[in-house]
Amino acid sequence: MADGKMSQPRSLSQHQFKWLLVVPLVAFFVLFFVIPVGLLFATSFNPAKVGQVALVSDLTFDNYIRFFSRSNYLMAAGRSILLASIVSVITLIVAYPMAFVIAKTENPARNTFLLILVLASMQLDMVIRLYGMMVILGDNGLINQILQELGLTDGPVALMYNFRGVVFGLVQFAIPFMVLTLVGVIKGIPSSLEEAARSLGASRRRAFMRVTLPASMPGILSGSLLVFALSISSYIVPALMGGFRVGVLPIHIYQQVAESARFQFGATIAVILFLISAAAVAIYLRLGNRKSGGLA
Amino acid sequence: MERAIPIPMLILAILGFCYLLFPILVVVLAGLTTGEFLTFPPKGLSLRWVISFLQSEKYLSAFFFSFKLALMTMVVSTILGTAAAVFLARSRFVGRSALRAFFLSPVVLPGVVVGFALYAFFITSGLGISRTIWGLWVGHILYSTPYVIGTVGASLATFDVSLEEAARSLGASPLRAFRKITFPNIAQGIQAGSIFAFIVSFGQFEVSLFLSAPNSEPLPIAMYNSLRYKFEPDAAAAGIFAITLVIASVLLTNRLVNIRRLLERQDG
Amino acid sequence: MTKKATHSRRSVLKGGLTLGAAATVPNMFYINHAWAQDVVYDGGVFDAGGATLNVAEWGGGWEEFVRKALTNQFEEDFNCKINWDTSFPWFPKFVTQGANDPVYDVANWNLPNLMQTNAAGDFFLTTDEIKANVPNAADCWDFAFASGAGVTWAYQPYVYAYRTDRGAPVNNFRDFFAARFANKRGTYATENGLMHAFFMATAKEFGKDQYDMEAAFTALEGAMPMKISEFTFNMLSLLERGEVDIAVHIEGEALTLKRQGAPVDVWEWDSKPILTQTKTISRYADPMQKKLALALLNRTLSPDFLEPFGEEFLWRPTNSKAAMPSALAAEGVTNTADAVSAYWVPDWDFFVANKEEITDRLNQIFGL
């Protein structure tokens, strides 16, 4: 349909105009993203030498061999994937109703108020926000105090400084991103669609499941992808909520680069993390294309 | 008349908001403590630490540095990102989804990696902007632009292309069709995208880690560098200040956009 | 070059705290660079014309105190601005920018990190060069120059800080590993100097000697789960909140918590290691910055700073003319030429040589 239009006479100027839209960003990305990150990735094939930053001509696979022959790195990779997947699912479940409510709140003042709650929570710096999480989830935190008051547990339940704590922290961090991605999409679903389904006799739940939910699929997919990407690449949340005890790939990268100055090995882990993320993006995009294809 | 929002959905949403906001509330209250330390529950409420923050050279200069950086980032990201999103939504060339993925790739790479790659690049290339606001700007644009592309792209996806095409077939130039039809429809997406860009830049931690220096230090880094040594209430106070600011800016932009939309309708 | 440096470092470290050893060693480091000699400083005050001095220093309560007691006045007197960077660790930043473009003009270090950096390149002025240009250095005991790369200006012993309201007092190195402290033990991330010393002390206690790494790994593995902090000040807040009941710490800072009324006390390790603070000056800093760096180091070594600083955190001075903090003096601690001879300095040379392996294994133990 769109292709048909393109072959019309005025499409040529339109075509050139279109490319101009994207050229500046592509140029910026090539200069400041592809080249620097490419150079860094290339160093992963250099022998590991503490303190050496520049690319050298010696080529080796030693860093990759090291990565794949040490169980803790492999486990960190697995843990990263698991963590990001769990966080994406939980965040979606928590955030969808929030986004739905915001999208369906017609009253502008109330709508703005809800959006402000979401945005303001993003605005509170992550480092200090995690302090709030600690107060709630720590061994002597509010939840543990309540549990012990109620006599539900004897000792403290470890809610942070472990994998669970990282999940709690990341979900809290990711909710606004998911909500804001979903709100626009849910708002964009014509209410006539659901009404039509209802008028054809579908129950409210059925209309939601059959019409609204599938129609929000683009938002669900891009939101989950965003949250997956944010969680798999976060350093600060696993570091603080995991108490430096939950090994995920960004923590290893940080250690290699920022602490040990073993840049080549840090670059190796970065390459592997990037490949994992790229695979996830590819899967999502395929899903996304199929879904939007189905919708159109 | 039936409620627009089913009750179970409302309950789930309230629980979600509690989860999101409770830690924030804790920090805000802790920042209003009258005591010496960051404790919860706070020992009495006062503005003592907010005032201390407003007088602290370290946090205040970091705050304004972050603010400036986020504004600079927002402007560039919104322009470049919106243009790219329109391109992605309106063209059908083969590499389109690859290009979209390419623009998203900074988000999937840990900021620590990109920050370090830029840092090493600035040093080895002799660009001389490592550990300056310009280097940070570059890094932040990389991380903020994908959000603009995402939000604007989402609003373009739900926007009916045939409207613009209809305008075009009635003789409107592409630019005019975009300005009159597409732009008003995706304005909210652009607004959301730019707020996103601002907030992502303002809260950016990982990318800034290698690119900042004490005289060019964004707020999250300043906070981290001081909180890793000691929990101080004025860090929480800085958070309170930032929250106040975002509320003000949302209220303001919302009003502006609503007014514009009002005018738009009268125009039509 | 590497071999020579290693050898000289080893002799420094082995004999580092005995008289005289330091005097012979720095010559081996001495490389006659044209740039290295362009600055002389005589101890006076000069106008730096608003120059900026890049300093790597600890943050938190440390920063607050040192600014008040030292650097604010310094900025005023010398008409300069101090760029205070607390983004530890310094090592990667030094090596990334290289020796010729030093990221900091002055850096304050714990010994193992300093040793690692010094081995990686020609970054710092030697102790001889410093002595010639820092008048107050003449008053320092010889052990202040043992690192060969900077001046050690303060030290204090390692302790366990423990909560007195959670059972019997701690009086043994192995108490930390006792069952009653499960998940209530606090130590530090792998890059922290306190963790390095704790590792070596654990090897010494549980193994044949300090080189018995396997024994340390086994003991630390058995001590998991532990709580891991980044810096001593944050560990204090974990102690205060009761998130940990026992923590690796240093005497003076832990005692500040006790002085504030918290139910906390300390027990000094019987292997007697000390944590040292050493300041270096970057060899290739610009002349004005280098002159300022020498001046700042001179003021750091002055009793006018060391004494109030010692009173606050119970750091012991290396300057022979500075008085011991009164609380320590009351307990009979004196400031003498052999003040540190009773203490043990772990073989940091061995540690640096095996750092990669140690970091990896500690990561695994911590679950990373």
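Chains as they are written, first to last, in the working numbering: chain A, 4 to 299; chain H, 344 to 611; chain C, 133 to 500. Quick reminder that beta carbons are idealized off the backbone N, C-alpha and C, glycines included. None of these values were measured; they are calculated from a predicted model.
- For Gly318/C, the enclosing beta strand (DSSP E) stretches over residues Arg317 to Tyr320.
- Annotation: Cβ neighbours of Ala463/H in chain C (cutoff 8 Å, chain order): Thr228.
- Here Ala578/H has Met566 and Leu570 as same chain residues with Cβ atoms under 6 Å from its own Cβ, once five neighbours each way along the sequence are excluded.
- Taking a cut-off of 8 Å on C-beta distances, the stretch 226–239 of chain A does not touch the stretch 194–205 of chain A, as fewer than three cross pairs fall below it.
- Assignment of alpha helix (DSSP H) within the stretch 175–256 of chain A, counting only whole runs of 4 or more residues, yields 194–202, 207–210, 220–236 and 239–244 in chain order.
- Taking C-alpha positions only, Asn304/C is separated from Glu575/H by approximately 34 Å.
- Bounds of the beta strand (DSSP E) holding Tyr287/C are Val283 to Arg295.
- A Cβ-Cβ separation of about 5 Å places Val171/C in contact with Pro419/C under the 8 Å criterion.
- Among the residues facing chain H, Phe363/C is included, as its CB has a counterpart in that chain under 8 Å away.
- In this structure, the alpha-carbon of Pro366/H lies about 10 Å from that of Leu140/A.
- Three or more Cβ pairs closer than 8 Å define a contact, and the stretch 410–421 of chain H meets that threshold against the stretch 537–552 of chain H.
- Residues of the stretch 566–581 of chain H with a C-beta atom less than 7 Å from some C-beta of chain C are Asn568, Ser569, Arg571, Tyr572, Lys573 and Phe574, listed in chain order.
- Put simply, of Gly291/A, Met125/A and Ser280/A the residue whose alpha carbon is nearest the alpha carbon of Ile84/A is Ser280/A.
- Cα atoms of Glu508/H and Lys523/H: separation of roughly 12 Å, rounded to the nearest angstrom.
- For Ala183/C, the closest C-alpha among the options Asp344/C, Leu246/C, Ala348/C and Cys212/C is that of Cys212/C.
- Per DSSP, Ser551/H is one residue of the alpha helix (DSSP H) stretching across Ser551 to Leu554.
- Within the stretch 218–242 of chain C, Pro221, Phe223, Pro224, Val227 and Thr228 place their CB atoms closer than 7 Å to a CB of chain A, listed in sequence order.
- Membership of Thr184/C in the beta strand (DSSP E) is indicated by the continuous run Ala183 to Ala188.
- Using a Cβ-Cβ cut-off of 7 Å, Gly192/C is close to Ser569, Tyr572 and Lys573 of chain H, given in chain order.
- Identification of chain C residues near Gly246/A by a Cβ-Cβ cut-off of 7 Å yields Lys359 and Ile360, ordered along the chain.
- DSSP, reduced to helix, strand and coil, places Lys359/C within a strand of the structure shown.
- For the stretch 135–164 of chain A, not one full-length beta strand (DSSP E) segment reaches 3 residues or more.
- For Gln421/C, the enclosing alpha helix (DSSP H) starts and ends at Pro419 to Thr432.
- Separation of Phe220/C and Trp190/C (C-alpha to C-alpha, rounded to the nearest whole angstrom) is 8 Å.
- Ile538/H counts as buried, since no fewer than 16 other beta carbons sit within 10 angstroms of its beta carbon.
- For Ala556/H, the chain C residues whose C-beta falls within less than 9 Å of its own C-beta are Asn186, Asn215, Asp217, Ser219 and Val235, listed in chain order.
- Within the stretch 303–331 of chain C, Asn315, Ala321, Thr322 and Glu323 place their CB atoms closer than 8 Å to a CB of chain A, listed in sequence order.
- Within the DSSP secondary-structure output, Pro395/C pairs in no beta bridge.
- Burial is judged here by how many other beta carbons sit within 10 angstroms of a residue's own beta carbon; Gly176/C has fewer than 16 and is exposed.
- Membership of Ile529/H in the alpha helix (DSSP H) is indicated by the continuous run Phe526 to Phe545.
- Cβ-Cβ separation between Asn75/A and Leu494/C: approximately 11 Å, too far for a contact (criterion under 8 Å).
- For Tyr402/H, none of the residues of chain A pass the 7 Å Cβ criterion, the least Cβ distance being about 11 Å.
- Contact annotation: in the stretch 130–142 of chain A, residues whose CB is within less than 7 Å of a CB in chain H are Val130, Ile131, Arg132, Tyr134, Gly135, Met136, Val138 and Ile139.
- Spatial neighbours of Glu560/H in its own chain (CB-CB distance under 7 Å, excluding positions within 5 residues in sequence) are listed in chain order as Ala405 and Phe408.
- Judged by DSSP in its simplified three-state form, Ser512/H adopts helix.
- A Cβ-Cβ separation of about 6 Å places Phe226/C in contact with Phe255/C under the 8 Å criterion.
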